[in-house]
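Student: Start counting the sequence shown at 1; every next residue gets the next number (UniProt numbering).
This is the structure I have questions about; it appears just below.
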Amino acid sequence: MPVEMKTRHNLNLCGYHFWQIYRYNDRRGIMNPNFSDQRRRFDPNFRFKKRILSQIFSEMACNGLHYGILSNYSDTYFLKREETTPNTLYVSRVVRPTDTEPTLRQCVYYISQLAINDNVGNRLGRVVLDSYSSNDDDDDDDDDDDDDDDADDPYDPDYDYDDDSSGKRKRKQIPSAKTSSKKSKKTIASSSKVIATVDEYIGGGSFGKIFSGYYDNQAVAWKTCDAYKEQEEMKTLKHEAHIYSILKECQGRVVPCLFYKGYIYDGYLFALALQLIEDSRHIDPTRLTKKEKKLIVNQLRAIHNFGVLHNDISASNILYEPKSRNYFFIDFGLSEIVDNESPKLRKEEKRLKNFLQL
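If you want it as structure tokens, here you go:
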């Protein structure tokens, strides 16, 4: 059962319930009538981000779970998602530590028992994504954590009041060439939608979990991690996506194609959609011909020509695809970008030859 703890800076409904908040258009009705300045009647303590609910709902839906808890340490909400209406999230009234009949402890115990006795349901696998080219590499993804869902939210801290008498609010403008370019890129990407599905779990490791699935009707392997709780794994996946962008010319023949990098399930997971190597198997050097071994060495050289050091050569990171009779290097999470003349490249090639018994 997912339990999400937020600070009051991000979640403070000021005594309102979630269903009351959604009755207001863009939450503009949440005001403090005691403010003397009528232009500034918006309650400065009110905090609500739509992505908070999206995050925990996505965590429940992605894992087929039906119960969850959301809290800011003083206000606690209990959540339910029914299998008959998997896209609907039910939220309880607020429960505080001082409440009685029932107490907060009784509520937590009750929903915990429901979760313990619950059966995992169907995962909500179908998601709609903004189309995004893996070759448009951007190392500043960490800046994207401020969801665009709240771009017009008057309670966003990036908003300020205008100085004119109209009393309207506007977003603070921060002059930055990087910000401008990113905004432009997002506008272009949002003009096209693709359908993605996440299906069966097929493996995992130190850098996240791997699921089979589809991206825009293309069979893919989804390499995922929890975007909120696995920050180091997410950095590794972003680094790997950057390496794939450098190896653009090698994709599809030396390394798998990267079709998508970004967030899915409303930001709950960070994911890479990689070409699914059909009926793949790890190589066995004792069963390879000399010609096949030389082919694998030449493929590593192709990677080295772009200044990429794989840094994790092993049987598990070289796949053979019977259908295409091709070999693929995978898992670039530990890779490095080096000079083309770096002695590290020659040492790695030597290690590969020793491994292949060539």
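All C-beta atoms in this analysis are idealised placements derived from N, C-alpha and C, irrespective of residue type, glycine included.
In its own chain, which residues sit with a C-beta less than 6 Å from the C-beta of R81, not counting the 5 before and 5 after it?
Tutor: Result list for R81: M60, H66, L89, in chain order.
Student: Let me check understanding here. Comparing Cα to Cα, which of M5, K350, I56, K347 lies closest to N72?
Tutor: The residue with the shortest Cα to Cα distance from N72 is M5.
Student: Helix or strand or just coil, what does DSSP make of residue 360?
Tutor: What is shown of the chain runs 1 to 358, which leaves residue 360 out entirely.
Student: Helix, strand or coil for A241, going by three-state DSSP, please let me know.
Tutor: The answer is helix: DSSP assigns A241 an H, G or I state.
Student: Taking DSSP as the reference, what is the three-state secondary structure of H304?
Tutor: Three-state result, H304: helix.
Student: Just to confirm my understanding: we take E240, look at its own chain, exclude 5 residues before and 5 after, and list those with CB closer than 6 Å. What are they?
Tutor: Cβ neighbours of E240 beyond the five flanking positions: F332, G333.
Student: Count Cβ pairs between the stretch 333 to 345 and the stretch 286 to 296 that sit closer than 8 Å; are there 3 or more?
Tutor: These segments do not touch.
Student: Leaving out five residues on either side along the sequence, give the residues of the same chain with a beta carbon under 7 Å from the beta carbon of T98.
Tutor: Contacts found: none.
Student: Within 10 Å of its beta-carbon, does Q251 have 16 or more other beta-carbons around it, so buried, or fewer, so exposed?
Tutor: It counts as buried.
Student: If you draw a straight line from the C-alpha of N25 to the C-alpha of F48, how long is it?
Tutor: Because N25 carries a pLDDT of 43, less than 50, the predicted location of this residue cannot be relied on, and the following value inherits that uncertainty. So the two alpha carbons sit approximately 13 Å from each other.
Student: Applying the criterion that 16 or more other CB atoms from any shown protein chain within 10 Å of the CB defines a buried residue, is H304 buried or exposed?
Tutor: It is buried - the Cβ of H304 has at least 16 other Cβ atoms within 10 Å.
Student: With a cut-off of 8 Å, do at least 3 Cβ pairs link the stretch 226 to 237 to the stretch 284 to 294?
Tutor: The stretch 226 to 237, when compared against the stretch 284 to 294, does not touch it at the 8 Å Cβ threshold.
Student: Counting only beta-carbon atoms, is S342 nearer than 8 Å to chain C?
Tutor: Structure shown: chain C not included; a single protein chain is present.
Student: In this structure, what does DSSP give as the bridge partners for S112?
Tutor: According to DSSP, which records beta bridges pairwise, S112 is partnered with nothing at all.
Student: Could you check how far apart the C-beta atoms of I69 and V3 are, in whole angstroms? I think they sit under 8 Å.
Tutor: With a Cβ gap of about 4 Å, I69 and V3 count as contacting.
Student: With three or more beta-carbon pairs closer than 8 Å as the criterion, would you say the stretch 209 to 220 touches the stretch 306 to 319?
Tutor: Verdict: no, contact absent.
Student: On the premise that Q106 lies in contact with Y228, defined as a C-beta separation below 8 Å, what is that separation, rounded to the nearest angstrom?
Tutor: So it is not a contact: roughly 28 Å between Cβ atoms.
Student: Across which residues does DSSP place C225 in a beta bridge pair?
Tutor: DSSP output for C225 lists F270 as bridge partner(s).
Student: Kindly list the residues whose CB is nearer than 6 Å to the CB of S212, restricted to its own chain and excluding five residues on each side of it in sequence; keep chain order.
Tutor: Cβ neighbours of S212 beyond the five flanking positions: D199, E200, I202.
Student: F46 and N12 look like a contact to me (Cβ under 8 Å); what is the Cβ gap, rounded to whole Å?
Tutor: Contact flag correct, Cβ pair sits at about 6 Å.
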